[in-house]
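Since the structure comes first, as structure tokens, the remarks are kept for the end.
In the working numbering, the protein residues as written are 688 to 949.
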């Protein structure tokens, strides 16, 4: 069937192209060049540009924007790109901030869904999933964040789960209870800006996620290209090997499409 294969192309940071069932979806657009990007009370330093330039990207049916308030998930060039996407799905707060500048934006609260129709006639159900961008109680500081679960047609197929910027916590565990997930696009990197707290999944969090989703392939992203990441893909590979889970991990190479069976 047309949705048995998912093709992932890591562009940089969290920005990943998902191609499935005739649809082209993009997570958290970051296309600006290296440099310093003020984000609230901190400045985030971008170390590398995108592996695929915007003019080479092609048509995007929908952007899955986990949140709009941090430059490492939506930098200036990524923000400008939203105008060319057919749909943008994001947080309720983010949709409120962006709606005046772009059309086709819909805000989703956790467990709310939006439906996309592919050129092959399949219906993709995009369900917002809970995310916590750091330790308990961090929400007033980091703001709203969501992930996404993608299911197909009658919702009996196994899901694709895009975690968004989150740590391992009960909200991620709840996704595992509600969906039979075949692929997890895990936002990792153990990001830290101020203080000793991880704002995204560490390698240990990714291992907990793998154990919670026992049938899923784990594809880590958001672990390179910015100075505030404290772990990279090699750290994740080593941690999965030590845990005896190497066969569950599918590292992605920048700019190189990877086909995964669902």
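Think of the CB as a built atom: it goes at the ideal place given N, C-alpha and C, for glycine as much as any other residue.
Beta-carbon proximity of residue i to residue j, cut-off 8 angstroms
i           : j           : result
residue 750 : residue 775 : yes
residue 715 : residue 696 : no
residue 780 : residue 831 : yes
residue 866 : residue 894 : no
residue 710 : residue 704 : no
residue 904 : residue 869 : yes
residue 777 : residue 755 : yes
Pick from the options that is closest to residue i, judged by C-alpha positions
i           : options               : result
residue 888 : 912, 916 and 798      : 916
residue 896 : 914, 911 and 930      : 930
residue 958 : 785, 818, 773 and 788 : The first residue shown for the chain is 688 and the last is 949, placing residue 958 beyond what the model contains.
residue 700 : 809, 940 and 770      : 940
residue 816 : 861, 791, 873 and 691 : 861
residue 718 : 918, 834 and 769      : 769
Three-state secondary structure (DSSP) of residue i
i           : result
residue 858 : helix
residue 751 : strand
residue 864 : helix
residue 688 : The predicted position of residue 688 is uncertain, since its pLDDT is 45 and thus under 50; a value taken from the coordinates is nonetheless stated next. Reduced to three states, the DSSP call for residue 688 is coil.
Host beta strand (DSSP E) of residue i (start-end)
i           : result
residue 725 : 722-726
residue 935 : Neither: residue 935 is in no beta strand (DSSP E) and is coded neither H nor E.
residue 946 : 945-948
residue 707 : 702-707
residue 714 : 710-714
Range covered by the alpha helix (DSSP H) that runs through residue i
i           : result
residue 781 : 779-785
residue 766 : 763-768
Which ranges would you report for the alpha helix (DSSP H) in the region 793-853 if only whole runs of at least 4 residues count? 826-829
Contiguous beta strand (DSSP E) assignments of at least 3 residues, all confined to the region 891-933: 904-908
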